[in-house]
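Inspection log for the structure reproduced underneath, given as structure tokens.
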Amino acid sequence: MITHIEKPASKTRQRITNAALELFVAQGIAATTTRDIAAAADIAEGTIYRHFESKEALAQEIFMEGYMPFAKALVTFEQSGGTVAERLARVVEYFYGLFDTDQTRWVYLMTYQTGPQSKLPDDTPTPHRLLLKMLTESVKKGEMKGLEPKLTAQILLGIILQPADGIVYGQLQGPLSPRAGEVMQAIGKVLTP
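Mapping the sequence shown onto the numbering used here, position 57 (from 1) lands on 164, and the numbers just tick up by one.
Encoded structure:
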């Protein structure tokens, strides 16, 4: 019988990424030092550089490992068919499920992608690009009238993301998934003025 034995370096790398993720969300990437990460991971500071070229490379890797599956899911929802409201309902349920599963990683993914450190290629799916594309296509098809897609995309993002911020900042109680229906009711009011 062949068994897989995880190498100690893999465990160390995971400790580094876990510690860095927590610190990046709590303090921000710029304010977090490699010394902070090493202390939180209970390793020597030099060990970080055996696994990552720099703190910035570590931040980018954490982001890309979480974001690329997320981006693929966004594309799947955008192409899944149905009305804009039906597709948005799937997106909201997915977003909120991710939030409830791993709030720290969700916050990191949502904040990192828009920060100055983000190096996302222009064609990478983002929540904003997804919404804008769906709304623009619906307006062109005549399914939605009287909506300006750029403004409406921003409004919808606010409706979707603000409840998560409320939980992060202690203004709402979680979990978020059970609130998806209420959020979709608000979105419906925006989509049918």
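C-beta atoms are modelled at their ideal positions from N, C-alpha and C, and glycine is treated no differently.
Computed from a predicted structure; not experimentally measured.
Counting along the chain, the unbroken alpha helix (DSSP H) around TYR215 starts and ends at 210 to 219. Counting C-beta atoms within 10 angstroms of its own C-beta, PRO234 has 16 or more neighbours from the protein chains shown and is therefore classed as buried. In the structure shown, the three-state DSSP call for PRO232 is coil. Look at LEU283 here: in three-state DSSP terms it is coil, with no helix or strand label. When C-beta atoms of the region 123 to 135 are compared with those of the region 143 to 156, three or more pairs fall below 8 Å, so the two segments count as touching. Going by beta carbons, ILE169 and TYR215 fall inside the 9 Å limit. Within the region 241 to 276, the complete alpha helix (DSSP H) segments of 4 residues or longer fall at 256 to 275, listed in chain order. Here ALA178 really is in contact with THR231; their C-beta atoms are around 6 Å apart, less than 8 Å. The alpha-carbon separation between GLY173 and LEU264 amounts to approximately 20 Å.
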